[in-house]
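Down below is the structure, laid out as structure tokens.
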Amino acid sequence: MACQRARRLIPSSIALAGVLAAACSSDSSSTIGSSNADGDSGASATGMGGTGSGGTATGGTAGSATATGGSATATGGSAGTGGGGGSDAGLPECGDTSSATTTSLCANFVPDVVDLISSDPDHDGQGVGVLAVFESSDPEAAEPIYVQRIPAINETGIYDLSTIRVDIDKADIASTVYMQFLFFDGPEPFGNEDAGDAGDAGSPDGMWLGGYDMAGGIAQSTPLAPVEITMGQGHAVALPVFALRKISVTGTASTALPSNGEGRLEFFAMRTRDVNTIEDGGAVSFGELACVDLNSPVVIEGFVYGSGTFYLGGFFHDDGDVDDAAGLVLSAELPVSDLGSVTFPAANAFTVGTRYVLQESLVLNYSPDPSGDAGVSGDVSCQ
332 MACQRARRLI PSSIALAGVL AAACSSDSSS TIGSSNADGD SGASATGMGG TGSGGTATGG
392 TAGSATATGG SATATGGSAG TGGGGGSDAG LPECGDTSSA TTTSLCANFV PDVVDLISSD
452 PDHDGQGVGV LAVFESSDPE AAEPIYVQRI PAINETGIYD LSTIRVDIDK ADIASTVYMQ
512 FLFFDGPEPF GNEDAGDAGD AGSPDGMWLG GYDMAGGIAQ STPLAPVEIT MGQGHAVALP
572 VFALRKISVT GTASTALPSN GEGRLEFFAM RTRDVNTIED GGAVSFGELA CVDLNSPVVI
632 EGFVYGSGTF YLGGFFHDDG DVDDAAGLVL SAELPVSDLG SVTFPAANAF TVGTRYVLQE
692 SLVLNYSPDP SGDAGVSGDV SCQ
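In this text, residue positions in the sequence shown follow the numbering used here: the first is 332, and each later residue adds one.
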């Protein structure tokens, strides 16, 4: 279900849209289980036992990962908001290969710690993973040299992931590769994109992403983190995996609406209160509805990643035109002297912690043109 939601309605205005669209494409599902995309000489993967620490990730603590006989349990900490292929310090040893033309990668998964909901199949931590290796930091621009479905059949738990060893035999492999891990919490992640009802649409929550450098936030590029390799050697890689958590925001207006109160509503969660940091890596959350009636409270669903304290902000376009300040209503610290220096109210702060599903409130309290004198382009009807 997470993949169905992502594939249908991820807004193209955010950089993460391309990542999720590629992950949920029919191409991704059709290549699961293939060993080597270019057909050189194949690759294999095996589960490993052993015990080691989970590495580190920017924006949080990594917790520990314990694997015995091919099973794994992750406890404590949080993978934070960044992270990719980490160092091998403290990880289980990844033994050298038997050939100078082969290299091995041992992926040690370090998932976010969240409160799973056993009664909700889209947020119970049970699902399907896909591990891929690329020679490019942009998985949308290159074919993988290795792809594996995890597990091979049925489902697994996000905290039951064992260390996966990938052996790659490719004579002209680059000296730097990039590991990507995608986990889809919920049944039938690669099902019909039209499956599900309208209530499922609008957010990719329930997806977990590993190997990405998220320092740029959702408004910037989201490349995979590099892993330096040497032929004939094994490389232990800490792979933080962060959850796209579900957030439901109830939006209300406390100021006069410039037009009939019907239009587009969107929200962001930010690392800072400054709305201008959206383009500078500040955004960690997003949700939107194309047309709502804000004359009464509206619930909009989206996603948030990371476990820290963030600031909720939002914009309502009373005439539906997102490129026009006329009809704009937003959440702002008052008084507002200039739209270019807007900050979100301190009261909009919320802490994610270990919550997998969040419910927050957003009050839209400011319009630069509450009487509509600036000239809204025309009443929009959501009926």
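Heads up, the beta-carbon is just placed ideally off N, CA and C, and yes, glycines get one too.
Between residue 643 and the set 428, 608 and 680, the nearest pair of CA atoms involves 680. For residue 636, the three-state secondary structure derived from DSSP is coil. Between the alpha carbons of residue 513 and residue 546 lies a gap of roughly 18 Å.
Take residue 663, set aside five residues on each side of it, and the residues of its chain with a beta-carbon closer than 6 Å to its own are 673 and 697, in chain order.
By the criterion of a C-beta distance shorter than 7 Å, residue 621 is surrounded in its chain by 595, once the five residues flanking it on both sides are discounted. In the displayed model, residue 670 falls within a helix according to three-state DSSP. Exclusion of the five residues before and after residue 691 leaves 578, 580, 643 and 681 as the residues of its chain whose Cβ lies within less than 7 Å of its Cβ. For residue 439, the enclosing beta strand (DSSP E) starts and ends at 433–442. Spanning the alpha carbons of residue 582 and residue 448 requires a straight line of approximately 25 Å. No Cβ-Cβ contact shorter than 8 Å links residue 588 with residue 542. Taking residue 646 as reference, the option from 670, 666 and 553 with the minimal CA-CA separation is 670. Between the alpha carbons of residue 451 and residue 506 lies a distance of about 43 Å. Within the model, the alpha-carbon separation for residue 453 versus residue 607 is close to 33 Å. Under DSSP, residue 562 forms no beta bridge with any residue. Contact between residue 641 and residue 555 fails: their C-beta atoms lie close to 24 Å from each other, not under 8 Å. DSSP, read as helix, strand or coil, puts residue 498 in strand. In the three-state reduction of the DSSP assignment, residue 687 falls in the coil class. In the DSSP assignment, residue 617 falls within the beta strand (DSSP E) that extends over 614–624. The DSSP-derived three-state label of residue 503 is coil. Boundaries of the beta strand (DSSP E) harbouring residue 458: 457–465, taken from the DSSP string.
According to DSSP, residue 600 shares a beta bridge with 616 and 643. Collapsing the DSSP output to three states places residue 516 in a strand. By the neighbour-count definition (other C-beta atoms within 10 Å, threshold 16), residue 689 is a buried residue.
When the alpha-carbon of residue 444 is set against those of 436, 499 and 456, the nearest one is in 456. DSSP lists no beta-bridge partner residue for residue 545. Rounded to whole angstroms, residue 467 and residue 509 show a C-alpha spacing of 7 Å.
Taken through DSSP and simplified to helix, strand or coil, residue 678 comes out as helix. Remark: C-beta atoms of residue 625 and residue 592 approach each other more closely than 8 Å.
If you draw a straight line from the Cα of residue 628 to the Cα of residue 585, it is about 11 Å long.
Closest in alpha carbon position to residue 618, among 693, 489 and 511, is 693. Residue 497 and residue 503 have their C-alpha atoms spaced approximately 17 Å apart. Here the alpha carbon of residue 535 sits roughly 7 Å from the alpha carbon of residue 634.
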